[in-house]
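Taken in sequence, the protein lines are chains Y and U.
The first sequence begins at 1 in my numbering and counts up one residue at a time.
The second sequence begins at 1001 in my numbering and counts up one residue at a time.
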Amino acid sequence: MKSTQLAMALLGRELRERYLSTFAGLAWVLITPVMLLAIYAFVFVELLGARFGNRVGGDVIAFLALGMWPWHAFADSLARGTSALTGNAALIGQIAIPRVWLVLVPTLGAALIHAASFVLVLLILLMMGRLQMGPGAFVAMAAYGLIVANAAALSLLLAPLNVFFRDVGTLLPQILTFWMLLTPIFFDRALLRADLGEWLALNPLTGLVEALRAGLLHGQVDLNTLYAPALFTLVLTACSAIAARRFLARIEDFL
Amino acid sequence: MSTDVLLEVVGVGKRYPRVHRRLDRVRSVLDAVLNRPYRAHAQILQDIDFTLKRGESLALIGENGAGKSTLLRMICGIAEPSAGRVRLRGTVAPLLELGAGFHPDYSGRDNIRMNALLLGMASTEIDAKVQQVIDFAELGDYIDEPVKHYSSGMKVRLGFAVVASARPDLLITDEVLAVGDESFQKKCIAWIEEYLREGGTLLLVSHSMYHVQKLCKHALWLHRGRAEAYGDVFDVTQRYLAWHERKTAQRRAEERLTMATGDYAVSAVAINGEDRDTPVVLPAQALLDVDVSLHSADGRPPVLVVGIKRHDGTPVYGVSSELDGVAPIRVGDQSYRFSIRYPELSLLPGTYVVALHAMDPEAIRLFDAVERTIVVTGRSREVGLVRLPHQWHRA
């Protein structure tokens, strides 16, 4: 009970810190998605005239938004989680605080902020008539949850590795950029060459982003698309937990 | 582990990996990943054993770099021991560093809540005690200001107030109280004394032997990462101080001005029969006999000056054979001997130096100087150098 209260307090502080010194405060959670949607609409639809297959106009925005927001949640959560231990080096040397929380709190804090932002985007897209809110939405929620779980599991692995070698934190933005380009955010895998599409299926986020889109854009309920990513997430989480247990005990030696 | 044992430290050691060279870092990380001892390392602590029962108070003393803070960090769960084990059966509240755990951008009130949660307090308990903490810290309206605007003393007050409200099973402080102003220090010490009276357990790191002797019953002296002495606080602190003073004396001896020209010199000294150049330990109010042999090149009887000073050089008492009109005993053509006795040495416990100077028979010129260390033991907490005879009168 006391541990939960501490975890919640840390999470509350994490959320406040994100917007502590800003004029608009937590309103940024609402402002950012509206601004980004407007920018995407202007750049992709008005300037570039982008189309994915037979999708044009608002459908392009919906397609992009359902890839971009989950990706941002994943990338931001992973980046914050990975730098959590090096960023809290002084605190780790001063007080006894569960180190797992130091990693998971910023990861989950970022995920929560992006989730709130995503909900607003979904409401806007729903009002635009671009989404189908049915049972497919639950598949989308599960896919979103698995994306966040992957970010948390990877953070648990990378955060101590970043303490051992700071190169991890330096390399991560480049890796994330490459990973983003290998995830079907700006393209539809169905429109790619077949062999290339199969290779991209090895990316664990591919299936999750596609299941999320299928659930919300077409109302599809195909749980089979989630089994492999869910299994991957489970294995990754187990491996990360085992590694973190060993690594986190030693990080103070390297900070 | 007996139920009244709160803390058990068994064979604890700590090694930190050497990580500054790339190759060392790679090897150390590999050792960490494979869960084996670091090959390239610095040994900070080794073979530390002690137990602390509920209601006891233990001081950790030693030079800077002896490993005191590292040991405390392992007891608090901040660092992992490289060897041995630490078992704590109860709650612990550490005051290790100034402002530790405080977020500079948050107000004192916000930090009270977070620090209390970190100490294991429940939200309801914190709600009930917030005002008590604010009152104890004496921060007034500053309590709603960001902690980054606080002075060092204010941070200590806030930190101590939170710890005090937690009433932990084990209280750990590491010199942080030295930062606060005198009145708050007194308040903290009064609180610690009450906490101990009520059965609390204290682990204190301090360079102030006054605080150590005042607050603790036992002491552990750490020297270069090892336990040098462990036991009664007065015995251990006196040994520690004696060691310190020997170290200082050794340095001074190298700088000592030896004025012996060969005409008159101190040829031998025995303190209470001990003629070796090692500190002589004697209890307070004991007998002190000083026997000095002097060399006289021209055969004339020299004058002896005997002085007693504190280890830091503060003079306590000095007298000469010429002042007292005492002549030496001739023991050879060129040899003389003096014996001086202090029947009830009124020095307070501590380390002192007996300085012996050979002068010419006219008591004009100083020719030689030799010093010997004495350690006066006792459990007195009186302040100063000597016990002056006194009487209290009730008006």
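We put the beta carbon where it would ideally sit given N, CA and C, even for glycine.
This one's a predicted model, so the numbers in the text were calculated from it and none came from an experiment.
Check, Outcome
"Beta-ladder partner(s) of Lys1186 (chain U), from DSSP", "Answer is none; Lys1186 (chain U) lacks a bridge partner."
"Bridge-paired residues (DSSP) for Ser1057 (chain U)", "U:Leu1202"
"Backbone CA spacing between His1045 (chain U) and Ser1069 (chain U) [nearest angstrom]", "In the sequence as presented, His is not what sits at residue 1045 (chain U); that position holds Leu. Leu1045 (chain U) and Ser1069 (chain U): Cα-Cα distance of roughly 10 Å."
"Runs of beta strand (DSSP E) lying entirely within the region 123-152 of chain Y, each at least 3 residues, in chain order", "none"
"Minimum Cβ-Cβ distance from Ile124 (chain Y) to chain U less than 9 Å", "no"
"At least 3 beta-carbon pairs within less than 8 Å: the region 148-160 of chain Y vs the region 226-241 of chain Y", "yes"
"Residue-level contact to chain Y via CB, Arg1073 (chain U), 9 Å cutoff", "yes"
"Nearest-angstrom Cα separation, counted from Ser77 (chain Y) out to Leu108 (chain Y)", "7 Å"
"Cβ-based contacts, 8 Å cut-off: residues of the region 81-106 of chain Y near chain U", "Leu91, Ile92, Gly93, Gln94, Ile95, Ala96, Ile97"
"Complete alpha helix (DSSP H) runs within the region 1071-1137 of chain U (minimum length 4 residues, chain order)", "1108-1118, 1123-1137"
"Unbroken beta strand (DSSP E) run spanning Tyr1317 (chain U), endpoints", "1315-1320"
"Own chain partners of Ala116 (chain Y) with C-beta closer than 6 Å, once the 5 adjacent residues on each side are dropped", "Val29"
"Local Cβ density within 10 Å of Tyr227 (chain Y), reported as buried at 16 or more and exposed below that", "exposed"
"Spatial distance of Leu131 (chain Y) from Leu66 (chain Y) (CA atoms)", "10 Å"
"Proximity of Gly12 (chain Y) and Thr86 (chain Y) at Cβ, strictly below 9 Å", "no"
"Boundaries of the alpha helix (DSSP H) in which Pro173 (chain Y) is found, first to last residue", "167-181"
"Alpha-carbon spacing of Asp1324 (chain U) relative to Asp1360 (chain U), whole angstroms", "16 Å"
"Integer-rounded CB distance, given that Lys1129 (chain U) should sit under 8 Å from Thr1165 (chain U)", "Just to set this straight, residue 1165 (chain U) is Ser in the shown sequence, not Thr. With 8 Å as the limit, Ser1165 (chain U) and Lys1129 (chain U) qualify as a contact, their Cβ atoms being about 4 Å apart."
"Cβ shell of Gly1199 (chain U) (< 6 Å), same chain only, five flanking positions each side left out", "Gly1055"
"Own chain residues within Cβ distance below 7 Å of Leu1206 (chain U), not counting five before or after", "According to the sequence provided, residue 1206 (chain U) is Ser. The question's Leu does not apply to it. Here the set comprises Ala1059, Glu1175, Val1212."
"First and last residue of the uninterrupted alpha helix (DSSP H) at Arg193 (chain Y)", "Counting along the chain, Arg193 (chain Y) falls outside any alpha helix (DSSP H), and DSSP gives it neither H nor E."
"Partners in chain Y for Ile1044 (chain U), counting only beta-carbon separations shorter than 9 Å", "Residues of chain Y passing the Cβ test: none, with the nearest at roughly 11 Å."
"Status (buried if at least 16 other CB within 10 Å, exposed otherwise) for Trp69 (chain Y)", "buried"
"Per-residue contacts from Leu1294 (chain U) into chain Y (C-beta, under 8 Å)", "Result: empty, since nearest Cβ-Cβ is about 59 Å, beyond 8 Å."
"For His1357 (chain U), the residue or residues it bridges with in DSSP", "U:Val1305, U:Ala1369"
"Partners in chain Y for Ser1152 (chain U), counting only beta-carbon separations shorter than 9 Å", "Within chain Y, no residue comes near Ser1152 (chain U); the closest Cβ sits about 15 Å away, beyond 9 Å."
"The region 1001-1016 of chain U touching the region 176-186 of chain Y, judged by at least three CB pairs closer than 8 Å", "no"
"Thr1237 (chain U) burial status per 10 Å Cβ neighbour count (16 or more: buried)", "buried"
"Secondary structure of Lys1014 (chain U), DSSP reduced to three states", "strand"
"Where Phe247 (chain Y) falls: helix, strand or coil (DSSP)", "helix"
"9 Å Cβ cutoff, Arg18 (chain Y) in contact with chain U", "no"
"Endpoints, beta strand (DSSP E) assigned at Arg1341 (chain U)", "1335-1342"
"Exposed unless 16 or more other CB atoms sit within 10 angstroms - verdict on Thr4 (chain Y)", "exposed"
"Arg1027 (chain U) versus Leu1034 (chain U): straight-line alpha-carbon distance, rounded", "10 Å"
"Asn1111 (chain U) vs Gly1120 (chain U) beta-carbon contact at 9 Å", "no"
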